[in-house]
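Numbering-wise (the UniProt record's numbering), the sequence shown opens with residue 1 and increments by one. Heads up, the beta-carbon is just placed ideally off N, CA and C, and yes, glycines get one too. A short worksheet on the structure shown next.
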Amino acid sequence: MKILLTGGTGFIGSRLMSHLRPHHQVSVLSRSPNKVYQRLGHDIDALPSLDDLPDLDQFDAVINLAGEPIADKRWSPSQKTRICHSRWRITEQLVEKIKAGSNPPAVVISGSAVGFYGRQGDTLVDEDTHPHPEFSHEVCSRWEELAQQAETEHTRVCRIRLGVVLGAEGGALVKMLPSYRFGLGGPIGSGKQYMSWIHIEDVVNLILFLLEHEECNGAYNATAPEPVTNAQFSKTLAGNLGKPHFARVPAWTMKLLFGEMADLLLTGQRVMPVRLQQAGFHFRYPTLDKALKETLSAPRL
Ligand code: NDP
């Protein structure tokens, strides 16, 4: 298959590349071809922009993961604009080019996040759950709407609503580990808010699954079937490290430190991957304990 990948230099994209490369011909759209060569290898086809392509007819599939990191900086008005536009603009461009062709890619797999649903308390969330309007919903709903515009009788669109991705090469876990290793880890706020997570290997596998299964389209919750509360997550992580987990971080401290972005950690969603399971997708890491054990055994951690 000939695949166009955006976000290929990122945490998920680089892991995905190591699975795609042996079997497919992949071009990576990146703001920096040098980053592509350094991270992924000098033989990779790096595209600095889509401007020189009249359409995307040469590709069989598009995987769209690019976007300004959500949790790296405080959500100032300008950072919120960057978070939105980095995703919306690239998705718009992809759709324009797909529409310009006469033999468009057969499938578009486009990123989204469980933030699509906004805060949901302990309600079990499936793909049809009514979202709560807030910033994370605004980012994801427009991102998904734009991606969905690529759909025609020739092109199916799968939108993956990712939970917190657990892996040794990046993401939230790598940021949390130092405090846990110092014995300073613990629940955040009440600890009762749900966290929907997924092991990175399952993210890669579900993208490959959606690429191959021609009957799949629409929104898919990309989370393990065992969402946990923040307190359960903290206890399981600390347990796996042989460390205590009593250092509770009060909600007001989080708000003071991170402003509105603190909502990412203080509120959550209890998401179930209903449509993936109905489609027959098998999770290799269905429980948090198994996912953490595998991740923490990685030599680089
Ligand atoms: P990363 O932050 O690791 O990588 C995303 C890629 O997007 C980067 O490699 C970069 O590629 C590109 N990018 C970054 N900033 C911008 C920008 N301002 N404008 C255009 N492109 C940009 O993301 P992940 O791999 O962790 O996640 C992939 C997608 O999945 C993201 O969109 C993320 O929001 C979503 N997601 C991830 C979750 C997680 O836990 N990791 C959870 C939920 C959703 P380059 O520099 O080559 O252009």
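Just reading off the alpha helix (DSSP H) that Gly171 is part of, what are its end residues? To locate residue 171, count along the sequence shown from 1; it is residue 171. Here the alpha helix (DSSP H) through Gly171 covers 171-181.
Between the C-alpha atoms of Pro22 and Gly191, what's the straight-line distance to the nearest angstrom? Stepping through the sequence shown from its first residue, residue 22 is reached at position 22. Stepping through the sequence shown from its first residue, residue 191 is reached at position 191. Between Pro22 and Gly191, the C-alpha separation is close to 42 Å.
Report the CB separation of Val98 from Ala172 in whole angstroms; it is logged as a contact under 8 Å. Looking up residue 98 in the sequence shown gives position 98. Looking up residue 172 in the sequence shown gives position 172. Note on residue identity: the sequence assigns Ile, not Val, to residue 98. Cβ-Cβ separation between Ile98 and Ala172: approximately 32 Å, too far for a contact (criterion under 8 Å).
Along the chain, which unbroken stretches of the alpha helix (DSSP H) at least 4 residues long are found entirely within the region 211-247? If we require 4 residues or more, the alpha helix (DSSP H) runs fully inside the region 211-247 come out as 230-241.
Thinking C-beta only, is Glu144 closer than 9 Å to Ser102? Locating residue 102 in the sequence shown gives position 102, where the first residue counts as 1. Locating residue 144 in the sequence shown gives position 144, where the first residue counts as 1. Result no, Cβ atoms of Ser102 and Glu144 do not sit closer than 9 Å.
From Gly167, Val107, Gln148, pick the residue whose C-alpha is nearest to that of Lys290; which is it? Translated into positions along the sequence shown, residue 290 becomes position 290. That would be Gly167, whose Cα lies nearest to the Cα of Lys290.
Going by CA-CA distance only, name the one from Ala66, Asp128, Gly115, His24 that's closest to Met261. By one-based count along the sequence shown, residue 261 stands at place 261. When each option's Cα is compared against that of Met261, the closest is Gly115.
Do you know how far the Cα of Gln269 is from the Cα of Tyr117? As a first step, residue 117 is located in the sequence shown; it is residue number 117 there, counting from the start. As a first step, residue 269 is located in the sequence shown; it is residue number 269 there, counting from the start. When rounded, the distance between both Cα atoms is 7 Å.
Kindly confirm or deny that the region 116-134 and the region 72-92 touch, where touching means at least three C-beta pairs closer than 8 Å. no
Using alpha carbons as the reference points, say which of Thr152, Glu169, Leu146, Asn240 lies closest to Arg159. Position 159 of the sequence shown, counted from the first residue, corresponds to residue 159. The option with the nearest alpha carbon to Arg159 is Leu146.
Around the Cβ of His199, are there at least 16 other Cβ atoms within 10 angstroms (buried) or fewer (exposed)? By 1-based counting over the sequence shown, the position of residue 199 is 199. Buried: at least 16 other Cβ atoms inside 10 Å.
Give the DSSP bridge partners of Lys2, in chain order. Along the sequence shown, one-based indexing puts residue 2 at 2. According to DSSP, which records beta bridges pairwise, Lys2 is partnered with Gln25.
Where do the ends of the alpha helix (DSSP H) carrying Ser136 lie? Taking the first residue of the sequence shown as 1, we reach residue 136 at position 136. Per DSSP, Ser136 belongs to the alpha helix (DSSP H) from 135-148.
Close beta carbons around Trp88, own chain, < 8 Å, minus the five adjacent residues each side: To locate residue 88, count along the sequence shown from 1; it is residue 88. Once the five neighbours on either side are set aside, the close Cβ partners of Trp88 are Arg142, Trp143, Leu146.
Among Leu47, Ile63, Thr6, which has the Cα closest to the Cα of Leu208? In the sequence shown, the residue the question calls residue 208 occupies position 208. Minimum Cα distance to Leu208 is reached at Ile63.
Residue range of the unbroken alpha helix (DSSP H) whose run includes Val165: For the purposes of this step, residue 165 is taken as residue 165 along the sequence shown, with counting starting at 1. Element bounds for Val165: not the alpha helix (DSSP H) but the beta strand (DSSP E), 164-166.
is_contact[Val36, chain D] using C-beta, thresh 9 Å: The structure shown contains no chain D, having only a single protein chain.
Nearer than 8 Å: is that true of the beta carbon of Lys73 relative to any heavy atom of the ligand NDP? To locate residue 73, count along the sequence shown from 1; it is residue 73. Answer for Lys73: no, Cβ out of range of the ligand NDP.
Under the three-state reduction of DSSP, which class applies to Asp45: helix, strand or coil? Here residue 45 is taken as the residue at index 45 of the sequence shown, counted from 1. Strand, per DSSP.
At a threshold of 8 Å, does Arg31 count as lining the ligand NDP (C-beta to nearest heavy atom)? Numbered from 1 along the sequence shown, position 31 holds the residue referred to as residue 31. Yes; taking the cut-off as 8 Å, the Cβ of Arg31 has a heavy atom of the ligand NDP nearer than that.
In terms of residues, what are the limits of the alpha helix (DSSP H) holding Ile63? In the sequence shown, counting from the first residue as 1, residue 63 sits at position 63. From DSSP, Ile63 is part of no alpha helix (DSSP H) but of the beta strand (DSSP E) over 61-64.
For residue 302, list the residues DSSP reports as bridge partners. The first residue shown for the chain is 1 and the last is 301, placing residue 302 beyond what the model contains.
So residue 350 and Ser112 are in contact, right, with Cβ under 8 Å, and what is the actual spacing, rounded? Because the chain here runs from 1 to 301, residue 350 falls outside it and cannot be looked at.
Cross-strand partners of Gly111 (DSSP beta bridge): Stepping through the sequence shown from its first residue, residue 111 is reached at position 111. DSSP output for Gly111 lists Ile160 as bridge partner(s).
DSSP state of Arg284 mapped onto helix, strand, coil: Counting from one through the sequence shown, the residue named residue 284 turns up at place 284. Looking at Arg284 - three-state DSSP - the assignment turns out to be coil, as it is neither helix nor strand.
Taking the alpha helix (DSSP H) that Phe116 falls in, what are its first and last residues? Along the sequence shown, one-based indexing puts residue 116 at 116. Element bounds for Phe116: n/a, residue is neither H nor E.
Helix, strand or coil at Leu124 according to DSSP, with G and I counted as helix: Here residue 124 is taken as the residue at index 124 of the sequence shown, counted from 1. Under the three-state reduction of DSSP, Leu124 is assigned to strand.
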